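Undergrad:
Right under this line is the structure:
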């Protein structure tokens, strides 16, 4: 709701998805337009934009439609929090992709009962990645403290709060050499491949545009950014239920059973445990695990102990991007 009771215009944010020639898998969210401008400078603008990112007015239980470039249409519905998911079996999608494997589509509201003004003439662009059949391998990477200085190992996570709320994406610092590493992996051993890169994080979808802009400004390869719904209470998760990040990685592996993957994360939180379990479940699909070292002695000792007698998959504790590049070159991942 806008100022003085005026209703805000409606928008749809289509999150970059992924799929296969016969599998369309895409998500997004239907929201009121909060007019967030991530380029604005100044302390007040940073606070106001941060507030608006999390205080969203979703359009729940409304019909949305996806239109493909060849005219085919899919119809779905948002949930109680405004999210929609298209997880459809549909044939011959690859011919609709560009040279990098991206399929363009259009998503719109399809509910005449809304009676609200809709931005962009109710036409919102979406993209879905279908990796090339000639891709050499894929990369699944964490974001926080893997490619972006976040501070997840700081006391009480205070650095996470400061960095997320008080810094524009253009001012956030990527880890040194990370962009070069990821571009080399994207191009592969031939130097001309289009190996898919998937970015996964425990961050909520509210930060999607923020992270998308950070990756663009710092020249990281384009790839689906896969986040999670903002948690109501983490303790409400069912006992034994896997974190959303782990579920997403498993879904990627199942979607591309013939493709090997490099898993990249950090040693600060749970990446080591998640990646180790995944590699043991899918040993034929995991080509290597790279874990960036963090400035926390106890956490580093725990991770070293975790992989002390581990031989399922090559594991590298990464001190810097140069060591990861050297390892990738030695193992034939990059040129």
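In the UniProt record's numbering, the protein residues as written are 1 to 335. Here a beta-carbon is modelled for each residue, glycine too, at the ideal position from N, C-alpha and C. Keep in mind the model is a prediction, meaning the values are calculated, not measured.
In chain order, which continuous runs of the beta strand (DSSP E) of length 3 or greater are located wholly inside the region 264 to 301?
TA: List check, beta strand (DSSP E) in window: 286 to 292.
Undergrad: Can you look up residue 255 in the DSSP assignment and give me helix, strand or coil?
TA: Helix at residue 255.
Undergrad: What is the DSSP secondary structure of residue 208, counted as helix, strand or coil?
TA: Helix.
Undergrad: Could you tell me the distance, in whole angstroms, from the CA atom of residue 128 to the CA atom of residue 309?
TA: Their backbone Cα atoms lie some 39 Å apart in a straight line.
Undergrad: Kindly provide the ranges of any beta strand (DSSP E) runs that are 3 or more residues long and lie completely inside the region 81 to 146, ordered along the chain.
TA: DSSP runs (the beta strand (DSSP E)) wholly in the region 81 to 146: 83 to 89, 102 to 109, 124 to 129 and 138 to 142.
Undergrad: Count Cβ pairs between the region 214 to 226 and the region 114 to 124 that sit closer than 8 Å; are there 3 or more?
TA: Touching, no, given that fewer than three Cβ pairs across the two stretches are closer than 8 Å.
Undergrad: Does the beta-carbon of residue 329 have 16 or more other beta-carbons within 10 angstroms, so that it is buried, or is it exposed?
TA: Exposed, because fewer than 16 other Cβ atoms sit within 10 Å of the Cβ of residue 329.
Undergrad: Ignore the nearest five residues each way along the sequence and tell me which others in residue 195's own chain have a CB closer than 8 Å to its CB.
TA: So the qualifying residues of the chain are 131, 135, 136, 137, 138, 139, 185, 186, 187 and 188.
Undergrad: Quick one: residues in its chain with C-beta nearer than 7 Å to the C-beta of residue 96, no 5 flanking neighbours on either side, listed in chain order?
TA: Here the set comprises 68, 69, 70 and 103.
Undergrad: What is the C-beta distance between residue 279 and residue 291, in whole angstroms, given that I count them as a contact (C-beta under 8 Å)?
TA: Residue 279 to residue 291, Cβ: 12 Å. No contact.
Undergrad: Got a sec, what are the start and stop residues for the beta strand (DSSP E) residue 10 sits in?
TA: Taken as a continuous stretch (DSSP letters only), the beta strand (DSSP E) holding residue 10 covers 10 to 15.
Undergrad: My assumption, with CB atoms under 8 Å, is that residue 254 sits in contact with residue 200. Please give the rounded CB distance.
TA: Actually they are not in contact, since the Cβ atoms of residue 254 and residue 200 sit about 15 Å apart, beyond 8 Å.
Undergrad: Taking residue 213 as the reference, give the member of 7, 11 and 16 with the closest Cα.
TA: Residue 16 is the option with its Cα nearest to residue 213.
Undergrad: What are the start and end residues of the alpha helix (DSSP H) that includes residue 178?
TA: That run of the alpha helix (DSSP H) goes 178 to 187.
Undergrad: Nearest to residue 65 by CA position, among 14, 8 and 297, is which residue?
TA: Looking at the Cα atoms, 14 is the closest of the given residues.
Undergrad: Would the beta-carbon of residue 145 fall within 9 Å of that of residue 294?
TA: Contact flag set, yes.
Undergrad: Under the three-state reduction of DSSP, which class applies to residue 149: helix, strand or coil?
TA: In the structure shown, residue 149 sits in coil (DSSP, three-state: anything other than H, G, I, E or B).
Undergrad: Exposed or buried, what is residue 326 when buried is set at 16 or more other beta-carbons lying within 10 Å of its beta-carbon?
TA: With fewer than 16 other Cβ atoms within 10 Å, it is exposed.
Undergrad: Where does residue 107 land, buried or exposed, given buried means 16+ other C-beta within 10 angstroms?
TA: Answer is buried; the Cβ neighbour count reaches 16.
Undergrad: How many angstroms separate the CA atom of residue 258 from the CA atom of residue 252?
TA: Residue 258 and residue 252: Cα-Cα distance of roughly 11 Å.
Undergrad: Using the Cα positions of residue 262 and residue 256, report the straight-line distance between them to the nearest angstrom.
TA: Going from the Cα of residue 262 to the Cα of residue 256 covers about 13 Å.
Undergrad: Could you check whether residue 268 and residue 217 sit closer than 9 Å to each other, using their CB atoms as the reference points?
TA: Their beta carbons are not under 9 Å apart, which means residue 217 does not touch residue 268 by this criterion.
Undergrad: Is residue 311 helix, strand or coil by DSSP?
TA: Correct three-state label for residue 311: coil.
Undergrad: Could you tell me if residue 297 is buried or exposed, where buried requires 16 or more neighbouring beta carbons within 10 angstroms of its beta carbon?
TA: Label assigned to residue 297: exposed.
Undergrad: If you reduce the DSSP assignment to three classes, tell me which class residue 29 lands in.
TA: If DSSP states are grouped into helix, strand and coil, residue 29 belongs with the strands.
Undergrad: Run through DSSP, which three-state label would residue 242 get?
TA: If DSSP states are grouped into helix, strand and coil, residue 242 belongs with coil.
Undergrad: To the nearest angstrom, report how far apart residue 100 and residue 81 are at their CA atoms.
TA: Answer to the nearest angstrom: the Cα atoms are 32 Å apart.
Undergrad: Of the residues 289, 243 and 277, which one's Cα is nearest the Cα of residue 260?
TA: It is 289 whose Cα lies nearest to the Cα of residue 260.
Undergrad: Let's see if you can read the secondary structure: which residues bound the alpha helix (DSSP H) around residue 377?
TA: Beyond the ends of the chain as shown, which are 1 and 335, falls residue 377; an answer cannot be given.
Undergrad: So, at 7 Å on beta carbons, what are the nonlocal neighbours of residue 266 in its own chain, with the 5 sequence-adjacent residues on each side left out?
TA: 142, 145, 146, 291, 292 and 294.
Undergrad: How would you label residue 113, buried or exposed, when you count the other beta carbons within 10 angstroms and need 16 or more for buried?
TA: Under this definition residue 113 is an exposed residue.
Undergrad: Nearest to residue 307 by CA position, among 62, 335, 274 and 73, is which residue?
TA: Taking only the C-alpha atoms, the option nearest residue 307 is 274.
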